[in-house]
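First to last, the protein sequences are chains A and B. Following this note's numbering, the numbering of the first sequence begins with 1 at its first residue and continues without gaps. Following this note's numbering, the numbering of the second sequence begins with 1001 at its first residue and continues without gaps. Don't be surprised by glycine CBs; every beta carbon is placed ideally from N, CA and C. Let me begin by presenting the structure, written as structure tokens, before commenting on it.
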Amino acid sequence: MNIIILIAILVVAFLIYRRYRDESLLGMIFKVAIKALSNNKARSFLSMLGIIIGVAAVIVMMSIGQGSKEAVRKNISQMGTNIIMIRPGADRRGGVRMDPSSMQTLKQEDYEAIRNECKYVKYISPEVQSGGQAIYGSNNYNTTAYGESLEYMDIKQWEIEDGTCFTEQDVQTAAKVCIIGKTLVDNLFPDGQSPVGKTIRFKSTPVRVIGVLKSKGYNSFGMDQDNLMIMPYTSVMKRLLAQTYFQTINVSSLTEETTDQTIEELTEVLRRSHKLKDDAEDDFTIHSQAEMMETMSSTMDSITIILVVAAAFSLLVAGIGIMNIMLVSVTERTKEIGLRMSVGARSIDISVQFLIESILISITGGLLGVLLGYGISALATSLFGLPTSVPFWSVILSFVVCTIIGIVFGYIPAQKAANLDPIEAIRYE
Amino acid sequence: MSEDNRKVVIELKDVCRDFKVGDEVVHALRGVSFKIYEGEFVTIQGTSGSGKSTLLNQIGCLDTPTSGEYYLDGVSVRKMGSNQRAKLRNRKIGFIFQNYNLLAKTTAVENVELPLMYNAKVKPKERRQRAIKALVEVGLGDRLEHKSNQMSGGQMQRVAIARALVNDPTIILADEATGNLDTRTSFEMLVLFQKLYNEGHTIIFVTHNPEIAQYSSRNIFLRDGQVQSDTINHNILNAEEALAKLPKKD
Ligand SMILES: Nc1ncnc2c1ncn2[C@@H]1O[C@H](COP(=O)(O)OP(=O)(O)OP(=O)(O)O)[C@@H](O)[C@H]1O
Ligand SMILES: [Mg+2]
């Protein structure tokens, strides 16, 4: 789509050029510039090379940045933008060190209070995690056990592929049962037998496998989403960790639109449940998925900016390269300049001619760079599966930047040419 | 002859031009003074190094005097801005260089078009037509698209003449314009110059050939950067008649 607009612009520019090339002094100077450049194709190309590489680098960086941002957004919104996470402890962005007891503020009472009082909450699941080794027979694999409630399956949209989910009964009795992800299945049961009904050991506790999760594959950060086991939260707390507090409470709001009301409601209920005084700070933190998405995008943006700035520096170097070539060209063509002056070219005519030449070099380089950038982006996507998307404004920006480079770095050579003395110049050999 | 009624186009007053070459100073012109009236055909002669080209560069507004004044149409060239001098070179003066000075790798037509390109009043179509007309006039109608490096010395010289005439200048300055031409072609050029003279153009012609001087209206001799003699030629020979007497080429 973008490339079509780009081509359309180029065609229009070419038609305008065709229409006016003979009409004016400027058009004539254009013709002379094109001729001068095509008289020395190899050198013109070499002086363009820096611009080509620089612009291509900028385009590729921008396209990867934009592409991954879009991929992350898509990923997160697939996970559900109505998801809200409650963590213990005050907002840690201030950087204040927390005393460990403040990280133990989310309790069973909170869970029940939210479940009973919050109208906007659709699903709720307390969460405890424990990392460790899962063993079956002679196979073992490092994984994480997530202790959750039944509603977790709805919040995260997990589906059972084989077997069943655990029951309310299992939660009440802290049963040693689990549902495992595809990666665990592959690594613990490599011979293809069904894991359902088998008893594996996790951190030396025997746990019975009652179901297998449908695979979700890797997420856009390259994380394996299938390397996990889900157990009733009571089981993880009592059998594995012997702790009485939660690490997270995951909640899903009724709809995406009610997220803000839900957060307000949750804050109110939790403050009451924690008996916080009016002037006391929250001893918990609530994040919505949507908010995380914003944070993530802005992080990606800053990474993209850093990469693009680095690539832009190569454009500066390219500009210096053009200036160098133009200076050589002015010296070489001293006699021609003198001759043009002797038949009536003014200084401004001469300097415009050289400026147009350097702009032509940098814009042509920019054009080739954009095409190369598009090519590399497409290649990166098809070969390495990198998400890329060339933002159209970056193409426009490249052209603007190239024109500026042409003018800035063409200025000194153009002045040098314009200030030549006609008699001296015409005698130059 | 009531010379004083005629319009003075070119007036030099004690023009000196020094060149610094290393530590030495070369005095190429040491106080040259003369007036040239509208419609004169002046030849300038002198030994090599006597300052003819330097003088012509002054008259052609390519260079300015070290001291002294040069008035073109009554205006001091030294006091003009460089853009004004460029405009004069473009519209008023046609200059034929001693060593042609054509653009390399460029066709005859494009070379002749060059002065018109810096004249915004001339439209592209007219530009080409006028360039072709000027080339036909110097007998190169069949060499329009030849590049400068594909031409003989004489042909290049004639391209240079065409280029000087294409803007229809009132003053024509020629530095050895027939130096590389055979007798017949140089007489053909001389016919052309006499035609321009009869049309009222002012012509200044540097030459080594005393024979050519007989076809002009006034002869100036330079020596060591000074005017040695300046005489009116009352018996101007007719180049057309001389050409007719020459044996035909084929
Ligand atoms: N740009 C310059 N720099 C230094 N010296 C110069 C320059 N131009 C001319 N001269 C000197 O000025 C003197 C006059 O040179 P000029 O070219 O006017 O001679 P000329 O009469 O045209 O000779 P020729 O008949 O050989 O063309 C010479 O001694 C020359 O060396
Ligand atoms: Mg000379």
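Whole angstroms are fine: how far does the CA of residue j sit from the CA of residue i?
i, j, result
"glutamine 278 of chain A", "glutamine 169 of chain A", "What sits at residue 278 of chain A in the sequence shown is aspartate, not glutamine. The alpha-carbon atoms of aspartate 278 of chain A and glutamine 169 of chain A are separated by roughly 39 Å."
"threonine 364 of chain A", "methionine 48 of chain A", "7 Å"
"aspartate 283 of chain A", "threonine 259 of chain A", "20 Å"
"leucine 327 of chain A", "glycine 366 of chain A", "21 Å"
"methionine 1001 of chain B", "valine 1032 of chain B", "Low confidence applies here, because methionine 1001 of chain B scores a pLDDT of 47, under 50, leaving its location unreliable; read the following figure in that light. Each residue's alpha carbon lies about 24 Å from the other."
"lysine 182 of chain A", "methionine 61 of chain A", "34 Å"
"valine 1075 of chain B", "glutamate 357 of chain A", "37 Å"
"serine 253 of chain A", "serine 297 of chain A", "22 Å"
"lysine 275 of chain A", "glycine 217 of chain A", "43 Å"
"valine 317 of chain A", "valine 212 of chain A", "57 Å"
"threonine 205 of chain A", "leucine 240 of chain A", "7 Å"
"aspartate 1230 of chain B", "lysine 1123 of chain B", "42 Å"
"serine 342 of chain A", "glutamate 1176 of chain B", "17 Å"
"alanine 1164 of chain B", "alanine 1131 of chain B", "10 Å"
"asparagine 75 of chain A", "asparagine 219 of chain A", "7 Å"
"serine 347 of chain A", "alanine 1244 of chain B", "46 Å"
"serine 63 of chain A", "isoleucine 306 of chain A", "14 Å"
"lysine 1020 of chain B", "threonine 1066 of chain B", "11 Å"
"glycine 416 of chain A", "glutamate 1110 of chain B", "According to the sequence as given, residue 416 of chain A is lysine; it is not glycine. For lysine 416 of chain A and glutamate 1110 of chain B, the distance between alpha carbons rounds to 25 Å."
Give the interface partners of residue i over in chain B, defined as CB-CB distance under 7 Å, in chain order.
i, result
"isoleucine 320 of chain A", "The contacting residues do not exist; isoleucine 320 of chain A stays about 29 Å from chain B at best."
"alanine 345 of chain A", "Ala1086 and Tyr1118"
"proline 422 of chain A", "Leu1062"
"isoleucine 426 of chain A", "Asn1101"
Got a sec: does ligand 1 put a non-hydrogen atom nearer than 7 Å to the Cβ of residue i?
i, result
"glutamine 1098 of chain B", "yes"
"valine 352 of chain A", "no"
"phenylalanine 1019 of chain B", "yes"
"alanine 425 of chain A", "no"
"serine 1048 of chain B", "yes"
"valine 1009 of chain B", "no"
"aspartate 1026 of chain B", "The sequence shown places valine at residue 1026 of chain B, rather than the aspartate named in the question. Checking every heavy atom of ligand 1 against the Cβ of valine 1026 of chain B, one is found closer than 7 Å."
When you measure from the CB of residue i to every non-hydrogen atom of ligand 2, does any distance come out below 7 Å?
i, result
"lysine 1052 of chain B", "yes"
"aspartate 1175 of chain B", "yes"
Can you pull the chain A neighbours of residue i, defined as C-beta to C-beta under 9 Å?
i, result
"phenylalanine 1095 of chain B", "Ser342 and Val343"
Is it buried or exposed, residue i, if we count other Cβ atoms within 10 angstroms and call 16 or more buried?
i, result
"proline 190 of chain A", "exposed"
"histidine 1201 of chain B", "buried"
"alanine 418 of chain A", "buried"
"glutamate 148 of chain A", "buried"
"methionine 153 of chain A", "buried"
"glycine 1094 of chain B", "buried"
"methionine 223 of chain A", "exposed"
"aspartate 349 of chain A", "buried"
"alanine 1174 of chain B", "buried"
"valine 12 of chain A", "exposed"
"glycine 1141 of chain B", "exposed"
"serine 1048 of chain B", "exposed"
"phenylalanine 409 of chain A", "buried"
"threonine 1183 of chain B", "exposed"
"aspartate 1168 of chain B", "exposed"
"threonine 295 of chain A", "exposed"
"valine 1138 of chain B", "buried"
"arginine 1006 of chain B", "exposed"
"threonine 1064 of chain B", "buried"
Give me the chain A residues within the contact set of residue i, using Cβ-Cβ distance strictly less than 7 Å, ordered along the chain.
i, result
"serine 1082 of chain B", "Ser347"
"leucine 1056 of chain B", "In chain order: nothing, as chain A lies at least about 11 Å away."
"arginine 1089 of chain B", "Ser342, Val343 and Gly344"
Starting from the beta carbon of residue i, find every residue of chain A whose beta carbon is closer than 8 Å, and list them in chain order.
i, result
"leucine 1103 of chain B", "Glu336 and Leu339"
"proline 1115 of chain B", "Val343 and Gly344"
Can you tell me whether residue i sits near ligand 3, meaning its C-beta is under 7 Å from at least one heavy atom of the ligand?
i, result
"serine 1152 of chain B", "As far as ligands go, the structure on display features ligand 1 and ligand 2 and does not contain ligand 3."
Original post:
What residues in the segment 37-56 of chain A have a beta carbon less than 8 Å from any beta carbon of chain B?
Top reply: Residues Asn39.
Subject >> Residues within the segment 1203-1233 of chain B neighbouring chain D, beta-carbon criterion of under 9 Å >> reply: As a matter of chain content, chain D is missing from the structure shown, whose protein chains are A and B.
Original post:
Along the segment 1173-1184 of chain B, what residues have a CB closer than 7 Å to any CB found in chain A?
Top reply: When CB distances to chain A are screened at a threshold of 7 Å, not a single residue of the segment 1173-1184 of chain B falls below it.
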